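> Have a look at the structure that comes next, please.
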Amino acid sequence: MARYELVKRSVALITLTNPPVNALSSPVRHAIANSMERALSDPKVRAVVICGENGRFCGGADIREFAGPLRGPPLIPVLEAIEAGDKPVVAAIEGMALGGGFELALFCHYRIAQSKARLGLPEVTLGILPAAGGTQRLPRLIGIPAALEMITTGRHISAQEALKLGIVDQVTDQNACETALEFALKAVGKPLSPRRVSTLTTPCPPDLDALLEAATMQVKKKTPGVMAPLACIQAVRAAATMPYSKGMKQESELMATLFNSGQARALQYCFFAQRTAGKWTLPSGAQWNNSKPREIRSAAVIGLGTMGRGIVVSLARVGISVIAVESEKKLLENGRQMVIGMLERDAKRRGVSASLNLLKFTLSLQDLKDVDLVIEAVFEDMALKKRVFQELSKVCRPGTLLCTNTSGLDVDALAGVTDRPHLVAGMHFFSPAHVMKLLEVVCGPRSSSETIATAMSLGKKMGKVSVAVGNCPGFVGNRMLKPYLDQATFLLEEGATPEQIDKALEDFGFAMGVFRMSDLAGLDVGWRVRKESGLTGPDVDPKNPPRKRQGRRYCPIPDMVCEQGRFGQKTGRGWYKYDKPGDTNAKPDPLIQNLLETYRSRYGIQPRNISDQEIIERCLFVLANEGFRILEDGMAARPEDIDVIYLFGYAFPRHRGGPMFYASMVGLERVLERLEHYHQAHPDVPHLEPITMAYTGAQKALKSDKLDEAQALAKSCAGRP
Ligand code: 3H9
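The sequence shown begins at -17 in this note's numbering and counts up by one.
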C-alpha cells in the first residue's frame, strides 16, 4: 500500500500504491505511518519524498470506507507525524492531489507539482468538509478569500494556479518525483519551522465578517438547503479567528455533524452512482467490459434546430469533424451562423481556438456517404424520421452507425426501415445539448453491443454522463416525467396554486419548481404532443367524460393555459406573468387564479387546503413508483441509472440523491403506505398504484444487506437479493 525505498543514498522515497487513485485507505494510512517512522529513525535518511504510483499522487480518503466504522489509524495523527518530523518532507504531485491527498501534501514541508497536475478540496461535493486540517491549513497558506473559494466550491485548480497562489513551491514539466528528490536534498539543513503550515498565522482581512457574510449569501443562493458549504465557511472562520488547535477541534466537530447527515450519504451515493452508470449492461449479457466501441472520427448531424446545433458543437469541440445538414438554404445559413457563434464563445471561455475547420454545412444527404456515425435531430415526427432513415440507409456506407436524437419515439421502428437495424440506436441529448451533461443511449432490441458501446463511448468523449436505457415511450427520463407533471396539475385542480407547488418543490431543493420550469421550457411543446396523441384538440371523442382520457384521469388545465396563447417565458405569460416576453422574473398572475377558480366551480370541485407534505409525496413518490416499473420492465438496469438521469437531466437536487435514493431514505415501507393511501383517494390515477412486490422485496433486501449503506440503499431499490 506504500513502497519504501532509500534513493540517492539519503532520501527515503515513499510511494503510495493503492490503484486506481491511491486513496488513503486504512492499509495506506498504516503504511505511511510505518514508512515515516522508519525514515525519521534511520540516520542515513536526510530527507523524505512522498509520491503516488502510476502518475497519480492521491485522490483523497477512501470514500468507500465512510460507510463503515473507522478501521486502522486515523488520518490526522499520521499526517501530523510528517509535519512534526525533523527531516524535510517533499510531496511530489503528479496527476492529482485531491481531498485528503491535498491535505497530505499540505502537511509536507514542500510541494512540487508536475505541470499537468490538478489540486483541490472536493469534499464539499461529497457533503463533508476537508477534515484532515484542510480548512485550517489552506487559509494559513494562501489567505481567506482564495481558500474560501476553493473549499466551498471544491474546484480543482491547475499546477500553475497552485504556484501562483503559493500552494506549491515549484512546477515542473519533468517527472515530479525526480524533481522532488533533487529539491529534497537541497532542503536538507534549512530550518523547517517556517515550513510548518500549522505554525503560520492566517492573514486576516479587515473585512472578514463582510467577506464571510457574502460567501454565506452566495452559497445559500446557489445551493439552497445544502449544509456542507455553510459548514465550510464556519470552519474557515475558525481558521481566521482561532489558534490552530482550536480550529482543528472546530473542523472535527463540524465534520461529525456533516458526516452523519443524510445529505452526505446522498452526495456520496451520487458519486458512485455516476460511475456505476458508465458500466452499462444489456439483457443479452453484453456489457461495458466485453464490448468494444468503434472509434468515431467523423459524424453528421441532420437538422440544425436547437438540439442539432448543440450536438454539432458538442462533437466539434472534442475534435470530431461534423457535416451538418439542413433541408433549406435559409435554415442552413441560420444554423451555420448560430453554430459558429456558439463554438467561438465556447472556445473563448475555455481559452482555446475554435475548431471551425472541422465543420461542413450542406443541403445534401449525399455528402454523408463516408461518415462514421449520423445523429438525426429533425422534428419529432415519426413519418419524417422514417423518411430520413430510409434515405440514410441508401446513402451511407454499410458500416455507418445511424442514431436518432428522439426524446421518446420508438427507436426500433426507425431501425426497421433501414438496411442495418443492428447499427441503429437512440442518442437522446437534453436541451441545450452543448450544456446539459445527460445523454440517454437508447438500446433497441436489435441494436448490437458494438453500437451501444460506441454511442456510450462517444457520449463520454463529449463529456456527457451517458446512461444506457431501454426502448419504451419516453425512455426513462420522460416516461417518469409524465406522472410527475400529472400530479402537479391534479394538485392544481384540487386546490393548490402553481406558486404553492413550486415553493414546496424549491424548498425540497429543486432550483425551480415544476411550473416555473415549464414556463422556461415552453408550454407549447407539451401541448403539441398532447394534441398529436389525441389527448386534446379537435380529434378528442366528444363522448369522453370531461376530465377523463383513455379511461384515466386527465387534467385539461395546461391545454386551457395554452389556448390563451400563454406559452411561458417566451410569450411573457404562462403559469406566471412576466414583465415582457423573454423575462425570467416569474410573478403570480391573478388571471391564472381566476382560471383555476372558474374551472373548479365548473366541475363542482371543492378546493381544499393541500399541505406541502402532500405535494412532495405525490410528486416525488410517483416518480420513484414509475422508476420501479421501469426496473421491472427492464428499461433501466439499476436504480442508480434512474437517479443519474434525474440528477443530470432533470436537476433533481443532488443532496437528495435522486428519486430512487430519496424514496429509500424516506423508507420504502412508508412510500408504499403513502402511495396506497393516495391511490385509494384517486383510483383513476394508475401511476399512484404501487407495485407492492417491488417495495417489499426491496425492503427485505435492504434489511438483510451487509454492504455499505449507500450501496445497500441503492440495491434495495431494485429489490435485488
Ligand atoms: C476526503 O479526502 C476526506 C478528507 O478530507 C478527510 C478525511 C478525514 N475513494 O472517477 P474515476 C474510484 S474525501 C474511493 O472513474 P477518473 C472510483 O469510484 C475524498 N474510490 O476516474 C472508480 O472506481 P470504479 C476527496 C475512489 O480518472 C475509480 O476510482 N476526494 C476515490 O475519471 C476511478 O475513478 C475526492 O472527492 C476515492 N477517493 O477520475 C476525489 N476516487 O472503477 C474523488 C476515485 O470501481 N475522485 N475512486 O468505478 C475523483 O474525483 C475522481 O475519481 C478522480 C479520478 C479525479 C480522482
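In this text, a Cβ means the ideal position worked out from N, Cα and C, and glycines have one as well. Please read all numbers here as calculations on a predicted model, not as lab measurements.
1. With DSSP run on the structure shown, which of helix, strand or coil describes valine 321?
2. Using 7 Å as the threshold, is the C-beta distance between histidine 661 and glutamate 671 below it?
3. Using a threshold of 7 Å, state whether the C-beta atoms of threonine 709 and valine 201 are closer than that.
4. Following the continuous alpha helix (DSSP H) through lysine 368, name the residue where it begins and the one where it ends.
5. Output needed for lysine 342: all residues of its chain with C-beta closer than 6 Å, excluding positions within five of it in sequence on either side, in chain order.
6. Please name the residue, chosen from Ala210, Lys330 and Ile32, that lies closest to phenylalanine 89 on a Cα-to-Cα basis.
7. Name the DSSP beta bridge partners of glutamate 358, please?
8. Within 10 angstroms of its Cβ, does serine 583 collect 16 or more other Cβ (buried), or is it exposed?
9. Assuming cysteine 537 contacts threonine 436 under a Cβ cut-off of 8 Å, what Cβ separation, rounded to an integer in Å, is found between them?
10. Cβ-heavy atom distance between leucine 629 and the ligand 3H9 below 6 Å?
11. In angstroms, rounded to a whole number, what distance separates the CA positions of tryptophan 557 and phenylalanine 241?
12. Compare the Cα-Cα distances from isoleucine 14 to each of Leu86, Val295 and Pro2 and report the closest residue.
13. Relative to the alpha-carbon of alanine 43, which residue among Pro527, Glu160, Thr400 and Leu111 has its alpha-carbon at the smallest distance?
14. At which residues does the beta strand (DSSP E) containing lysine 342 begin and terminate?
15. Here's a check: name, in chain order, each residue in its chain whose Cβ is nearer than 7 Å to the Cβ of leucine 602, leaving out the five neighbours to either side.
16. Let me check you understand the geometry: is the CB of alanine 196 closer than 6 Å to at least one non-hydrogen atom of the ligand 3H9?
17. Please identify the residue among Glu308, Met230, Pro480 and Asp521 whose C-alpha is closest to the C-alpha of proline 572.
18. Considering only the alpha carbon of each residue, which of Pro275, Leu467, Thr263 and Ala66 lies closest to leucine 22?
19. Does the region 399 to 417 touch the region 617 to 625, meaning 3 or more C-beta pairs lie closer than 8 Å?
20. Hey, how far is the Cα of methionine 418 from the Cα of lysine 446?
21. Just how far apart, CA to CA, sit glutamate 422 and isoleucine 627?
22. Under three-state DSSP, which class holds alanine 700?
23. Quick one: is leucine -5 buried, meaning 16 or more other Cβ sit within 10 Å of its Cβ, or exposed?
24. Pull up the distance between the alpha-carbon of glycine 609 and that of aspartate 623, whole angstroms please.
25. Would the region 277 to 285 and the region 301 to 317 be scored as touching if the rule is three or more Cβ pairs under 8 Å?
26. Can the beta-carbon of leucine 190 be found closer than 7 Å to that of alanine 222?
27. Could you confirm whether any beta carbon from chain D is found closer than 7 Å to the beta carbon of glycine 640?
28. On a Cα-Cα basis, can you pick out the residue from Phe253, Ser430 and Gln245 that is closest to proline 265?
29. Roughly how many angstroms separate the alpha carbons of arginine 702 and proline 621, rounded to a whole number?
30. If we call anything under 7 Å between Cβ atoms a contact, is glycine 459 one with aspartate 501?
31. Short of 6 Å in beta carbon distance, which residues of its chain neighbour valine 27, apart from the five on each side in sequence? Order them along the chain.
32. For proline 380, count neighbouring C-beta atoms within 10 Å of its own C-beta (all shown protein chains included) and say buried if the count is 16 or more, exposed if not.
33. Can you tell me whether glycine 390 sits near the ligand 3H9, meaning its C-beta is under 6 Å from at least one heavy atom of the ligand?
34. Under the three-state reduction of DSSP, which class applies to leucine -5: helix, strand or coil?
35. Starting from the C-beta of alanine 141, find all residues in its chain whose C-beta is less than 6 Å away, skip the five residues before and the five after it, and write them out in chain order.
36. Assign proline 121 to one of two classes, buried (16 or more other C-beta atoms within 10 Å of its C-beta) or exposed (fewer than that).
Taking the geometry as given:
1. helix
2. yes
3. Residue 709 is absent from the structure shown; the chain starts at -17 and stops at 703.
4. 364 to 377
5. Ile305
6. Ile32
7. Ile284 and Thr386
8. exposed
9. Rounded, the Cβ-Cβ distance is 42 Å, inconsistent with contact.
10. no
11. 40 Å
12. Leu86
13. Leu111
14. 341 to 344
15. Pro641 and Tyr644
16. no
17. Pro480
18. Ala66
19. no
20. 8 Å
21. 8 Å
22. Reliability of the predicted coordinates at alanine 700 is poor, the pLDDT of 45 falling under 50, and the value obtained from them is presented with this limitation in mind. Of the three classes helix, strand and coil, the one that applies to alanine 700 here is helix, per DSSP.
23. buried
24. 10 Å
25. yes
26. yes
27. Of the protein chains in the structure, only one exists, and it is not chain D.
28. Ser430
29. Low confidence applies to arginine 702: its pLDDT is 37, below 50, so where it sits in the model is not reliable enough to give any reading.
30. no
31. Ala(-6) and Ala21
32. exposed
33. no
34. strand
35. Ala95, Ser97, Ala99 and Val153
36. buried
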